[in-house]
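Participant:
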Amino acid sequence: MMNGKVKKLALAVGVALGGVSMVPTAQAVSAAQDNIGQALIFPYYTVNSGWMSLFGVTNTSANIVAVKVRFREAYNSRDVLDFNVILSPHDVWTGWVAETANGPTIFSEDTTCTVGTITSSGVPFPSPTSYVGSAVDGGPTTVARMNEGYVEMIMMGAADPTSSTTLPTTALARGAIHSTTTGVPPGCAALVNAFQDTTKLDQLRQEFSVSMTNLNPLSGTFSLVNGAEGYSAAGKPVALANFFSSTTAGCTTNTTFGECNLMTLQLSQAAAGDFYRSWHEPSLSAANTFGVKLGTTSAAGAGETAITGALTGAAAVTAALTHTQVINEWTRRTNPAAGWTTASDWVVTFPTKNFYVDNKPSTEFAGRASGRANIAAALPVVTTAPTPFAQFFVDTVNTPNVTTRGQSCDSISIALYNREEAMATGGGFSPGGTPQLCYEANVLTFAGSNILNSAIPASVDSLSGTFGWMNIGFSPAVGLPAVGFSITSRDDTNSALLSEAGLVEHSYVAPTTLP
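FYI, this note's numbering numbers position 98 of the sequence shown as 103, with every residue one higher than the one before it.
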């Protein structure tokens with residue numbers, strides 16, 4: 006168990022600023038203030054009604070870095086597309102998703118090596134698999150379910166590009182380095198084959214065995230673009246620093262997942278014992294460092310406060326992202342005669358929620374799949390509510406209360422003000438009247454604005470003017486793990502050329518105790 010101490014002043018400043026839940030100690034996963042880390046959480050993607058979502062990830066290190074990219078749908082965070090990106094030193098990979106006749110489709114004009122291959126002509130998302138047939142969870146089973154959600158990018162391992170003669174050699178990994186003449190990685194095909202060959206996993210783990218301890222090389226960007234409306238809004242993903250710490254100096258034959266790195270094959274689970282060899286991992290449950298900082302009463306000195314920390318895995322990431330309040334601005338003006346018309350949507354995403362509420366162990370796609378062994382250790386087995394969340398999305402374990410409700414609702418409080426401190430009364434929340442967020446990636450609109458054209462919007466209908474700010478409070482005293490932003494549009498109805506959009510990340514209030 007790690008020990009750490011947090012001064013009361015530092016804790017007070019951390020709570021006041023609200024940018025991160027707590028001040029992190031060494032080797033504790035945390036939301037990085039410098040936006041560089043080992044894992045990136047992009048709060049939202051959408052291809053609804055003309056929207057495109059653009060993504061970029063930068064390797065700021067001199068190593069070759071393997072990254073898992075995973076698109077999760079908005080309802081229950083089921084995996085709808087994943088692939089690997091092999092970034093050469095100081096490399097950038099970019100791509101975007103848009104809707105085509107074949108549904109959500111991913112495009113890239115980048116030459117960076119990916120497993121599988123992505124082209125500028127586009128590759129449609131695979132047909133629904135993770136939420137249909139035996140994997141049903143009560144949510145929709147259509148292709149359209151994949152139209153919105155969020156994205157995670159997780160560092161799998163790093164390779165030394167200079168290691169050609171000393172062990173471990175990195176012949177496969179060095180194939181990802183771009184040619185100085187063609188600009189194309191000459192060994193990408195060999196890497197693709199290796200990630201799809203069950204006999205190559207040991208070699209991949211050995212080649213990408215640079216210690217990940219304190220190595221935080223990833224930075225990212227994203228943009229939401231709607232060309233027909235003239236909107237383009239850009240933001241930064243949440244970066245998780247110190248997500249994983251290597252427990253050995255290097256990988257050897259038969260090294261297990263999570264020992265020296267997080268390397269896995271880009272293959273489906275072949276058998277029950279293959280979960281940690283498949284594309285199901287790494288996920289946000291793969292963190293092996295503690296959440297935020299740890300302390301004991303005996304370790305705390307005069308003027309210091311002891312903080313009890315979380316376990317590893319999904320619980321650690323939950324602790325790092327937990328907030329009791331979410332704060333941002335809003336606007337809604339619908340009268341063209343008053344000048345610009347304006348609208349705001351908020352995105353509030355719970356990136357670890359499925360590890361609590363998706364309780365269908367027999368389904369390999371579920372957050373609490375039986376193959377994900379560290380779930381049992383990191384998260385409690387419950388028979389009532391999946392704390393800190395209030396409801397299971399699907400629960401096939403706790404008989405006779407088996408449920409596939411297709412949503413998992415958490416009550417929230419709303420304090421909405423205009424710019425002159427007037428507070429709206431009555432709530433006017435829809436649907437249902439009671440303020441609640443029921444999905445993994447939630448879109449909250451104001452008086453039905455829905456500029457993101459979400460299929461699952463909730464709306465705050467009682468406003469106190471045309472501009473202001475709002476505070477969302479979470480019902481659990483310890484808060485909920487949330488990320489997100491506000492996107493605002495402005496339109497001049499007298500000119501089709503005068504439209505714009507902007508994106509602002511949320512501010513947060515941190516808990517005084519950990520979940």
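From the three backbone atoms N, C-alpha and C, an ideal C-beta is built for every residue, glycine too.
Keep in mind that this is a model prediction, so the values were computed, not measured.
Between the beta-carbon of Thr99 and the beta-carbon of Phe130, is there less than 8 Å?
Facilitator: Reading the sequence shown from its first residue, position 94 is the one you call residue 99. Reading the sequence shown from its first residue, position 125 is the one you call residue 130. No.
Participant: Taking Tyr361 as part of the alpha helix (DSSP H), name the residues at either end of that continuous run.
Facilitator: In the sequence shown, the residue the question calls residue 361 occupies position 356. Element bounds for Tyr361: 359–362.
Participant: Just to confirm before moving on: does the CB-CB distance between Ala163 and Leu86 stay below 8 Å?
Facilitator: For this step, residue 163 is matched to residue 158 along the sequence shown. For this step, residue 86 is matched to residue 81 along the sequence shown. Result no, Cβ atoms of Ala163 and Leu86 do not sit closer than 8 Å.
Participant: Which residue marks the beginning of the alpha helix (DSSP H) containing Leu503, and which one marks its end?
Facilitator: Mapped onto the sequence shown, residue 503 falls at position 498. Neither: Leu503 is in no alpha helix (DSSP H) and is coded neither H nor E.
Participant: Suppose you measure from the CA of Leu503 to the CA of Ser454; what does that come to, to the nearest Å?
Facilitator: Along the sequence shown, one-based indexing puts residue 503 at 498. Along the sequence shown, one-based indexing puts residue 454 at 449. If I take the Cα positions, the gap works out to 19 Å.
Participant: Would a C-beta distance cut-off of 8 Å place Ser435 and Asp466 closer than the cut-off?
Facilitator: Residue 435 sits at position 430 when you count from the first residue of the sequence shown. Residue 466 sits at position 461 when you count from the first residue of the sequence shown. Their beta carbons are under 8 Å apart, which means Ser435 touches Asp466 by this criterion.
Participant: Which one of Tyr136, Phe112, Pro440, Asp96 has the shortest CA to CA distance from Thr409?
Facilitator: Residue mapping note: residue 409 aligns to position 404 of the sequence shown, counting from 1. Distance check between Thr409 and each of Tyr136, Phe112, Pro440, Asp96 places Tyr136 closest, using alpha-carbon atoms only.
Participant: Are Val120 and Asn152 close, meaning C-beta to C-beta below 8 Å?
Facilitator: Taking the first residue of the sequence shown as 1, we reach residue 120 at position 115. Taking the first residue of the sequence shown as 1, we reach residue 152 at position 147. Going by C-beta atoms, Val120 is not nearer than 8 Å to Asn152.
Participant: Select from Ser251, Gln43, Ser228, Glu369 the residue whose C-alpha is nearest the C-alpha of Asn4.
Facilitator: Residue numbering for the chain in the displayed model covers 6 to 520; residue 4 lies beyond these limits and cannot be assessed.
Participant: In the structure shown, what three-state DSSP assignment does Arg150 receive?
Facilitator: By one-based count along the sequence shown, residue 150 stands at place 145. DSSP places Arg150 in helix when its eight states are reduced to three.
Participant: Just to confirm my understanding: we take Arg150, look at its own chain, exclude 5 residues before and 5 after, and list those with CB closer than 6 Å. What are they?
Facilitator: For this step, residue 150 is matched to residue 145 along the sequence shown. These residues qualify, in order along the chain: Glu78.
Participant: In whole angstroms, what separates the C-alpha of Ile477 from that of Asn423?
Facilitator: By 1-based counting over the sequence shown, the position of residue 477 is 472. By 1-based counting over the sequence shown, the position of residue 423 is 418. A direct Cα-to-Cα measurement between Ile477 and Asn423 gives close to 15 Å.
Participant: Return the CA-CA distance between Asn40 and Asp96, expressed in angstroms with no decimal places.
Facilitator: Residue 40 sits at position 35 when you count from the first residue of the sequence shown. Residue 96 sits at position 91 when you count from the first residue of the sequence shown. Computed Cα separation, rounded: 17 Å.
Participant: By the DSSP assignment, the beta strand (DSSP E) with Gln330 in it spans what residues?
Facilitator: For the purposes of this step, residue 330 is identified with residue 325 of the sequence shown, where counting begins at 1. Element bounds for Gln330: 330–336.
Participant: Please return the same chain residues whose Cβ sits closer than 6 Å to the Cβ of Ala420, not counting the five positions on each side in sequence.
Facilitator: Locating residue 420 in the sequence shown gives position 415, where the first residue counts as 1. The answer, listed in chain order, is Asn476.
Participant: What is the DSSP secondary structure of Leu59, counted as helix, strand or coil?
Facilitator: On the sequence shown, residue 59 is found 54 positions in, with the first residue counted as 1. Leu59: strand per DSSP, three-state reduction.
Participant: With the cut-off set at 8 Å, would you say Tyr49 and Val352 are in Cβ contact?
Facilitator: Taking the sequence shown and counting its residues from 1, the one referred to as residue 49 is at position 44. Taking the sequence shown and counting its residues from 1, the one referred to as residue 352 is at position 347. A contact, by the Cβ cut-off of 8 Å.
Participant: Going by beta-carbon coordinates alone, are Gln201 and Leu272 separated by less than 8 Å?
Facilitator: Locating residue 201 in the sequence shown gives position 196, where the first residue counts as 1. Locating residue 272 in the sequence shown gives position 267, where the first residue counts as 1. Going by C-beta atoms, Gln201 is nearer than 8 Å to Leu272.
Participant: Would you identify the three-state DSSP class for Arg210, choosing helix, strand or coil?
Facilitator: Here residue 210 is taken as the residue at index 205 of the sequence shown, counted from 1. Arg210 falls in the helix class under three-state DSSP.
Participant: Does the stretch 233–244 touch the stretch 193–200, meaning 3 or more C-beta pairs lie closer than 8 Å?
Facilitator: Taking a contact to require three or more Cβ pairs closer than 8 Å, the stretch 193–200 and the stretch 233–244 do not qualify as touching.
Participant: Does the stretch 201–219 come within contact of the stretch 245–264, defined as at least 3 CB pairs closer than 8 Å?
Facilitator: yes
Participant: Can you tell me where the alpha helix (DSSP H) with Thr471 in it begins and where it stops?
Facilitator: Translated into the one-based positions of the sequence shown, residue 471 becomes position 466. No alpha helix (DSSP H) contains Thr471, which DSSP labels as neither H nor E.
Participant: Please report the residue range of the beta strand (DSSP E) in which Arg495 lies.
Facilitator: Counting from one through the sequence shown, the residue named residue 495 turns up at place 490. Counting along the chain, the beta strand (DSSP E) containing Arg495 begins and ends at 488–496.
Participant: Considering only the beta carbon of each residue, do Val399 and Lys365 sit closer than 8 Å?
Facilitator: By 1-based counting over the sequence shown, the position of residue 399 is 394. By 1-based counting over the sequence shown, the position of residue 365 is 360. Contact flag set, yes.
Participant: Can the beta-carbon of Met160 be found less than 8 Å from the beta-carbon of Val72?
Facilitator: By one-based count along the sequence shown, residue 160 stands at place 155. By one-based count along the sequence shown, residue 72 stands at place 67. For Met160 and Val72, yes; Cβs fall inside 8 Å.
Participant: Could you tell me the alpha carbon to alpha carbon distance between Thr185 and Met57, rounded to whole angstroms?
Facilitator: As a working note, residue 185 is residue 180 in the sequence shown. As a working note, residue 57 is residue 52 in the sequence shown. Rounded to whole angstroms, Thr185 to Met57 spans 32 Å at the Cα level.
Participant: Can you give, in chain order, each stretch of the beta strand (DSSP E) that sits fully within the stretch 95–128 and has at least 3 residues?
Facilitator: 97–105, 108–112, 118–120
Participant: So if DSSP puts Glu78 in a beta bridge, which residue, or which two residues, is it bridged to?
Facilitator: Counted from its first residue, the sequence shown places residue 78 at position 73. Its beta-bridge partners are Gly154.
Participant: Could you check which residue in Thr368, Ala348, Cys443 has the C-alpha nearest to that of Ser139?
Facilitator: As a first step, residue 139 must be located in the sequence shown, where it is residue number 134. When only C-alpha atoms are compared, the closest one is Thr368.
Participant: So for Ala238, helix, strand or coil by DSSP?
Facilitator: Against the sequence shown, residue 238 aligns to sequence position 233. Strand, per DSSP.
Participant: Considering Thr368, what are the terminal residues of the beta strand (DSSP E) in which it resides?
Facilitator: Sequence index remark: in the sequence shown, residue 368 carries index 363 (1-based). Taken as a continuous stretch (DSSP letters only), Thr368 belongs to no beta strand (DSSP E), as it is neither H nor E.
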